[in-house]
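Notes follow the structure.
Chains as they are written, first to last, in my numbering: chain B, -5 to 180; chain U, 624 to 1057.
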């Protein structure tokens, strides 16, 4: 018994050493830990997020697929959440006023709601200038939302620059679809 | 002249570096070294013959081929075909080499020592004058043979041009393959690539610390842009700028104690300095729009940066402690990504013309000088000077793939680092002193 314990301890020590020895981040998908909602389909606070039956989960052959690549929280909402921009511009065009209004209304009616506005650009130009441009796009949307009553504390502007294109391609059509700010509930 | 002058003691290698290199061997990339692919008119190229080193086939490297490729990529040399069996003890018939139109000649040897190391020796001759210019010997472990060959190329370059070579320096860059983002460090010829960081989120803007031991970069691992400082030899890393909003564009001050960064924590994208520890962020300037991509001049007196304060992105310059900024670029409506040569005379940047984004140079020492574009590609990005200022490395797109290129400042000699498996981005050339 004693030796089993000792072996276990050795194993644990080895495991923790192994965990420390390499540069982190080796695994791709980061698991968002800010809310529990993303982990179990149908769990968390969202009503429409899943609905797969917990009743059938007793079978040992059943595997419930979990997908954290999409922002599950957004599935709760049918609000439009994308604003598109012109080349090298961070002006929110008038045609996106309905997007701003609908989201501002949702934020003013629920002061606990929080939205991260993620700015994005097309692939042309430098990573850094595009990061700054995406940041300005996100901030333009944040400003428009606060002008319609949302609290600054409900909002954060971040940017992914050119790093997360919505579509691939070298045409003006794909570039236009990548010049955008997305409103993400977190 | 002594065959192996005292300066050979400069050539010694750290055992620790060798160990860390061995540890990283698992991460051998699927691409080879930079290949020269465009040869311009080289009126000033010096013709040099480098014979195959005696017994180099007994090692796992070919020092003479490494030296030839280094010198050719520099744009300063033209390689003259060199047959015949010479080594550093030979007395070559200079008239023969003059007849082959070689101005300089290199011969050498590789021999195995009793302790398993390799003894790498060479000699350099001035064929025109018919004299020896020097030679060296170094005993190295097998994994250090490439570096030893790069040092020989540096020696030859400096003897014949009077300037330091950059062949033994390192580069850093980022590869992207699907959702996999990897920060890599490689020899200046693209070989010996090693992984510094793997991530499922983008990595951009690597920047070498002045001593070449640390890399600052931007990682999106927290679902937003944060600036990290990472010790290359140990993998130790820390976030030094992780404020609300985006944190990006790190640039080391020449003293290595502070960095310029772009922060959006107070709104906008604005320039700050921050200690290398992440302490004492200090705003440099207040601008109504975007200020980013700061770069210190080598003397530490100025910052060049990109700003859209005039309505379109242009390059500006201001004192490193902040103060009035002056506009530097005027031609065209989109000029970004400034970097200044170590001597402060040449600005390299990316200029947009129509739908083309091209590497351009501006002579800062000549008032009223016009910029010149030195590539034919249309998606150039992220130029970075070699520490001797004679070459630039940059990223561009060729056949839908992001590749790394080096070029001479006249644009005539370019070399491409090919990759069949990943996009190569964000290159940055490391300092001397390895």
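Where a beta carbon is used, it is the ideal one built from N, C-alpha and C, also for glycine. The structure presented is a predicted model; accordingly, all values stated were derived computationally and were not measured.
Pairs of beta-carbons, one from the region 905 to 923 of chain U and one from the region 844 to 863 of chain U, closer than 8 angstroms: are there three or more?
no
Have a look at the DSSP bridge pairing and note the partners of residue 1028 of chain U.
U/1017 and U/1039
For the structure I just gave you, are there three or more beta carbon pairs, one from the region 1020 to 1027 of chain U and one from the region 1046 to 1055 of chain U, closer than 8 angstroms?
yes
Quick one: is residue 130 of chain B near chain U, going by C-beta distance under 9 angstroms?
yes
Check the Cβ-Cβ distances between residue 862 of chain U and every residue of chain B, and say whether any is below 9 angstroms.
no
Per DSSP, which residues does residue 817 of chain U bridge with? Please list them.
U/808
How should residue 673 of chain U be labelled, buried or exposed, when 16 other C-beta atoms within 10 angstroms of its C-beta is the threshold for buried?
buried
Strictly below 7 angstroms CB to CB, what residues from chain B border residue 890 of chain U?
133
Pairwise C-alpha distance: residue 132 of chain B and residue 789 of chain U:
42 angstroms
Return yes when the Cβ of residue 127 of chain B is within less than 9 angstroms of the Cβ of residue 78 of chain B, no when it is not.
Taking C-beta atoms as the reference points, residue 78 of chain B and residue 127 of chain B fail to come closer than 9 angstroms.
Inter-residue CB distance, residue 1002 of chain U and residue 1019 of chain U (contact presumed, cutoff 8 angstroms):
6 angstroms
Beta-bridge partners of residue 716 of chain U, as assigned by DSSP:
Residue 716 of chain U is not bridged to any residue.
Between residue 923 of chain U and residue 948 of chain U, which are expected to be in contact by the criterion C-beta below 8 angstroms, what is the C-beta distance as a whole number of angstroms?
About 17 angstroms separates the CB atoms of residue 923 of chain U and residue 948 of chain U; that is not less than 8 angstroms, and the two are not in contact.
Helix, strand or coil at residue 148 of chain B [DSSP, three-state]:
helix
Any chain B beta carbon closer than 9 angstroms to residue 695 of chain U:
no
Neighbour list for residue 868 of chain U in chain B, Cβ cutoff strictly below 9 angstroms:
129, 132, 133, 150, 151, 152 and 153
Residue span of the beta strand (DSSP E) that contains residue 1006 of chain U, given as start and end:
Run containing residue 1006 of chain U: 1004 to 1008, per the beta strand (DSSP E) assignment.
Between residue 153 of chain B and residue 706 of chain U, what straight-line distance do the alpha-carbon atoms span, to the nearest angstrom?
58 angstroms
Inspect the CB distances between the region 832 to 844 of chain U and the region 81 to 96 of chain B and report whether three or more fall short of 8 angstroms.
Per the Cβ contact rule, the region 832 to 844 of chain U is not in contact with the region 81 to 96 of chain B (fewer than 3 Cβ pairs under 8 angstroms).
Could you check which residue in U/688, U/1000 and U/1056 has the C-alpha nearest to that of residue 1039 of chain U?
U/1000
Cβ-based contacts, 9 angstroms cut-off: residues of the region 919 to 931 of chain U near chain B:
Flagged, chain order: 929 and 931.
Anything in the region 90 to 123 of chain B with a Cβ closer than 9 angstroms to a Cβ of chain U? List those residues in chain order, please.
110, 112, 113, 117, 118, 119, 120, 121, 122 and 123
Tell me the rounded alpha-carbon separation between residue 710 of chain U and residue 748 of chain U.
12 angstroms
If we ignore side chains and look at the alpha-carbon of each, how far apart do residue 685 of chain U and residue 791 of chain U end up?
16 angstroms
Please confirm if the region 108 to 118 of chain B is in contact with the region 156 to 170 of chain B, defined as three or more CB-CB distances below 8 angstroms between the two stretches.
Flag = yes, the region 108 to 118 of chain B and the region 156 to 170 of chain B touch.
What did DSSP end up calling residue 680 of chain U once you bin it into helix, strand or coil?
helix
Starting from residue 870 of chain U, trace the beta strand (DSSP E) both ways and give me its first and last residue.
870 to 875
CB-CB length for residue 740 of chain U against residue 776 of chain U, believed under 8 angstroms
At roughly 20 angstroms, the Cβ-Cβ gap does not stay under 8 angstroms, so residue 740 of chain U and residue 776 of chain U are not in contact.
CA-CA distance, residue 97 of chain B and residue 57 of chain B?
36 angstroms
How would you write the range of the alpha helix (DSSP H) that residue 117 of chain B sits in, first residue to last?
Per DSSP, residue 117 of chain B belongs to no alpha helix (DSSP H) and is neither H nor E.
Residues within the region 989 to 1006 of chain U neighbouring chain B, beta-carbon criterion of under 8 angstroms:
Here the close residues are 1002, 1004 and 1005.
List, in chain order, every chain B residue whose beta-carbon is nearer than 7 angstroms to that of residue 872 of chain U.
Per Cβ cutoff of 7 angstroms: 122.
Taking residue 103 of chain B as part of the beta strand (DSSP E), name the residues at either end of that continuous run.
Careful: residue 103 of chain B lies outside any beta strand (DSSP E), inside the alpha helix (DSSP H) at 91 to 103.
Can you check whether the C-beta of residue 158 of chain B is within less than 9 angstroms of a C-beta belonging to chain U?
yes
Among the residues of its own chain, which have a CB less than 8 angstroms from the CB of residue 779 of chain U, if the five just before and after it don't count?
For residue 779 of chain U, where only same-chain residues beyond five positions count, the Cβ hits under 8 angstroms are 671, 690, 694, 727, 729, 747 and 788.
Give the straight-line distance between the Cα atoms of residue 167 of chain B and residue 676 of chain U, rounded to the nearest whole angstrom.
Taking the straight line joining both Cα atoms gives about 56 angstroms.
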